[in-house]
Amino acid sequence: DARVTQTPRHKVTEMGQEVTMRCQPILGHNTVFWYRQTMMQGLELLAYFRNRAPLDDSGMPKDRFSAEMPDATLATLKIQPSEPRDSAVYFCASGRGAGRDTQYFGPGTRLTVL
Amino acid sequence: SQQGEEDPQALSIQEGENATMNCSYKTSINNLQWYRQNSGRGLVHLILIRSNEREKHSGRLRVTLDTSKKSSSLLITASRAADTASYFCATDAVGYSGGGADGLTFGKGTHLIIQP
Chain A
4 DARVTQTPRH KVTEMGQEVT MRCQPILGHN TVFWYRQTMM QGLELLAYFR
54 NRAPLDDSGM PKDRFSAEMP DATLATLKIQ PSEPRDSAVY FCASGRGAGR
104 DTQYFGPGTR LTVL
Chain B
281 SQQGEEDPQA LSIQEGENAT MNCSYKTSIN NLQWYRQNSG RGLVHLILIR
331 SNEREKHSGR LRVTLDTSKK SSSLLITASR AADTASYFCA TDAVGYSGGG
381 ADGLTFGKGT HLIIQP
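As they're listed, the protein sequences go chains A and B. Take the numbering used here: the last position of the first sequence gets the number 117, and nothing is skipped along the way. Take the numbering used here: the last position of the second sequence gets the number 396, and nothing is skipped along the way.
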C-alpha cells in the first residue's frame, strides 16, 4: 500500500530557528506539492514540482521559505528563520501526470513556532 | 481568493440520513475533485469528475457537476459515523494558479458530523 510519508509528524520550535520538513513521495509519482493548512486560510499551495523541477512557488514567502527536491525520493521544505505565524500543518502530496490529476497526501507535519 | 467554495461550512445529521454538500467555483475547469479529511490526517481523494461529465457514482457517493452554474454537489447516502470528516472540493482552473502551472485550488471545506 504505497503512501506519501512525511517527517517529522510534529515539530515545536522557537522563533528564529530553522525548520526542515521532509517528504517521500510515492514511488513513480512525478509531481510533488507542498501545502499549508490553517483554520483561517484553509489549504494553501506553497510549491509544486514536476520531475523535480519547480513549476510554481508563487504561494511561498520567498524571504524565509525554500523548497527543493534533491532527488526523486525526497522533497524538503525549509523555513529560516521561523516565525509564530508559520504555525500550521504542512502537507506534502504527490501525483502522476499533470498537476490537475489526483493527488495523494501525506499525514502532515504539525508545526508550532513559539 | 478561493476558487472553490463549499456550502454549508458545517453540517450535522443523524446516522442513516443522506448528506449533501455543495461547491461553487469561479472559472472554467478541466475537472473537479472531492477529498475527505479526517481529524488530524491528510486529505484522501474520493472522486474526480471531468468537465464533460454530469454525474458520477462511487459506492455511497454521488457527485454531480453543472458547468453552466459552475457548481458541484457531493451526496453521501446512508451516512455512517465513520463519514464524520471535512470534505473539500478542488478545481484545476487552468490559468488560475500562479505562474500558469496546472495545480489544484481547494475550498475551505464542509465539516460533516454524523450523530449516532
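For glycine and all other residues, C-beta sits at the position ideal for the given N, C-alpha and C. For clarity, every value in this text was computed on a predicted model and none was experimentally measured.
Within its own chain, the residues whose Cβ lies closer than 7 angstroms to the Cβ of residue 365 of chain B, once the five positions on either side in sequence are excluded, are 316, 317, 318 and 392, listed in chain order. Between residue 311 of chain B and residue 103 of chain A a beta carbon distance of about 6 angstroms is seen, short of the 8 angstroms cut, so the two are scored as contacting. With respect to residue 322 of chain B, residue 108 of chain A sits close: the two C-beta atoms are nearer than 7 angstroms.
Straight-line spacing of the CA atoms in residue 25 of chain A and residue 34 of chain A works out to 15 angstroms.
Minimum Cα-Cα distance from residue 106 of chain A among the listed residues A/67, A/116 and A/95 corresponds to A/95.
Between residue 370 of chain B and residue 294 of chain B, the C-beta gap is not smaller than 7 angstroms, which leaves the two residues out of contact. C-alpha of residue 79 of chain A to C-alpha of residue 327 of chain B: approximately 28 angstroms in a straight line.
Considered as a whole, the segment 333–380 of chain B harbours no complete run of any alpha helix (DSSP H) with no fewer than 4 residues. Residue-level contact by beta carbon holds for residue 46 of chain A and chain B, with a gap shorter than 7 angstroms. Using a CB distance below 9 angstroms, the part of the segment 78–106 of chain A facing chain B consists of 92, 94, 95, 96, 101, 102, 103, 104, 105 and 106, ordered along the chain.
At a cut-off of 7 angstroms between beta-carbon atoms, residue 341 of chain B makes no contact with chain A.
Going by C-alpha positions, residue 20 of chain A is about 27 angstroms away from residue 55 of chain A. Sequence-distant Cβ neighbours of residue 97 of chain A in its own chain, meaning closer than 6 angstroms and more than five residues away, are 7, 28, 29, 32, 35 and 107. Between the segment 341–358 of chain B and the segment 297–311 of chain B, the count of C-beta pairs closer than 8 angstroms reaches three or more; the two stretches touch. Counted as a single uninterrupted DSSP element, the beta strand (DSSP E) harbouring residue 13 of chain A occupies residues 13–16. Identification of residues in the segment 312–332 of chain B having a C-beta nearer than 9 angstroms to some C-beta of chain A yields 313, 315, 317, 320, 321, 322, 323, 324, 325 and 328, given in sequence order.
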